[in-house]
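K.L.:
Quick note, my numbering runs 6 ahead of the 1-based positions in the sequence shown.
Even for Gly, the Cβ is constructed at its ideal location relative to N, Cα and C.
Dropping the structure in here first, questions after.
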Amino acid sequence: MSGTRILQDEPGRLATLVRVALPVVPGVNRLPGVRKVRPGDFDGLTYRREHAVVERERVQAYAGVCGFPRRDVVPLTYPHMLAFPLHVAIMGDPGFPYPAIGMVHVANTITAHRPVAVGEELAVATTVGAPRPHARGVLLDFVTTVGADGETAWESTSTYLRRGRTIDGEVAPGLVVPDPPTGGVEWRLPPDLGRTYAAVSGDANPIHLYALTAKALGFPRQIAHGMWTLARSVAAIENRLPDAVTVEAAFKKPVLLPGTVAFAAREDDTGWTFALTDPVDGSPHLVGRTS
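Structure, rendered in structure tokens:
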């Protein structure tokens, strides 16, 4: 099943939570309009949003939470905020075979072709195709383009893992960052970071909000959003990056809140390599590189 849908308005947080939760409720998940297609019947889905305006107030709130300065162009990672409602709409669509709850964001690639100005009106489109094999299930690539007047200003690929039965095919190795940097500056993260980021991003997944809601989904306590860890890492080096740049990142180990992480970055002839690690044992939470 494939097709293109138009998202007219960004849904409210409650409506979003209800939409993504219903497909995992026994009985309800068999109702028309909720029941998912079978994975074998899925070959792609696209959601579009026209006339998405980059609002200064929202950009400034996001910049404050993620450590970016206030400017007249948006932070490198900000257009993901325009894409995220499309991701949720796809995951909640009956034409998408997997429930949103249980999808794990494992990697992200962002390419900026030019700065995006505050106040711009943009067209945003996200497409997800057929799943790819993974050792622990399947991978789904949510490919987003953001632009205006037929020009792509920014694009990204967000890769999600759905644990469970895999499919036939060769498993791709994913992002490999040889010898990522360790140590560096330590950041102490407060217990309400997930709620603070949820307020500016719209991503109110219960695993990020409270210890109780995170424990219900298998975590010892709430965890930081992966896209916050990427945004905060990019914010630490963004003033040394060109306007046109690609950033690749892999999310490794969840960051428990409250907690302390260490950020380190290293420049070489091809760009920057960076990592967010556990300051106690050096294990990586996130590894990334630019080009």
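Is it right to say V293 is buried, meaning 16 or more other beta carbons lie within 10 angstroms of its own, or is it exposed?
P.N.:
buried
K.L.:
Name the DSSP bridge partner or partners of V43?
P.N.:
Beta-bridge pairing links V43 to no other residue.
K.L.:
Return yes when the Cβ of V240 is within less than 8 Å of the Cβ of T83, no when it is not.
P.N.:
yes
K.L.:
If you drop the 5 nearest sequence neighbours on each side, which residues of the same chain put their C-beta closer than 7 Å to that of H93?
P.N.:
T132, F148, S164
K.L.:
Do Y68 and V206 count as a contact pair if the criterion is CB distance below 8 Å?
P.N.:
Yes, the Cβ-Cβ distance between V206 and Y68 is below 8 Å.
K.L.:
Would you check if there are 3 or more beta carbon pairs closer than 8 Å linking the segment 225 to 235 to the segment 190 to 204?
P.N.:
yes
K.L.:
Is it right to say K258 is buried, meaning 16 or more other beta carbons lie within 10 angstroms of its own, or is it exposed?
P.N.:
buried
K.L.:
Under 8 Å by Cβ, that's how I've got A154 and E126 pegged, so tell me the actual separation to the nearest angstrom.
P.N.:
Yes, A154 and E126 are in contact; Cβ-Cβ is about 6 Å, under 8 Å.
K.L.:
Between the Cα of P172 and the Cα atoms of H111, L145, S289, which residue gives the shortest distance?
P.N.:
The question names Pro, yet the displayed sequence has Thr at residue 172. Among H111, L145, S289, the Cα nearest to that of T172 belongs to L145.
K.L.:
Out of I116, V177, R246, which one is the CA nearest neighbour of H140?
P.N.:
V177
K.L.:
Suppose you measure from the CA of P75 to the CA of D174; what does that come to, to the nearest Å?
P.N.:
When rounded, the distance between both Cα atoms is 46 Å.
K.L.:
Rounded to the nearest angstrom, what separates G180 and Y166 at their Cα positions?
P.N.:
12 Å
K.L.:
Let me know the alpha helix (DSSP H) ranges lying completely inside the segment 151 to 178, each 4 residues or longer, listed in chain order.
P.N.:
Counting only runs that start and end inside the segment 151 to 178, there is no alpha helix (DSSP H) element of at least 4 residues.
K.L.:
Look at the alpha carbon of G202 and the alpha carbon of R11, and state the distance between them as a whole number of angstroms.
P.N.:
Per the sequence presented here, residue 202 reads as Thr, with Gly not at that position. Rounded to the nearest angstrom, the two C-alpha atoms are 30 Å apart.
K.L.:
According to DSSP, P260 sits in a beta bridge with which residue or residues?
P.N.:
Its beta-bridge partners do not exist; DSSP assigns none.
K.L.:
Go to I12, then tell me how far its beta strand (DSSP E) extends in each direction, as first and last residue.
P.N.:
10 to 12
K.L.:
Does the segment 248 to 263 touch the segment 180 to 189, meaning 3 or more C-beta pairs lie closer than 8 Å?
P.N.:
yes
K.L.:
Determine the direct distance from the alpha carbon of H57 to that of A270, and round the result to whole angstroms.
P.N.:
Take the alpha-carbon of A270 and the one of H57: they are about 38 Å apart.
K.L.:
Per DSSP, what kind of secondary structure is H57 in: helix, strand or coil?
P.N.:
strand
K.L.:
Rounded to the nearest angstrom, how far is the Cβ of T150 from that of A217, given a contact under 8 Å?
P.N.:
The Cβ separation is near 32 Å, so there is no contact.
K.L.:
Start and end of the alpha helix (DSSP H) containing T3?
P.N.:
Residue 3 falls outside the range modelled here, since the chain spans only 7 to 297, and no answer is possible.
K.L.:
Pick out whichever of G170, H119, V261 has its Cα sitting closest to the Cα of E157.
P.N.:
H119
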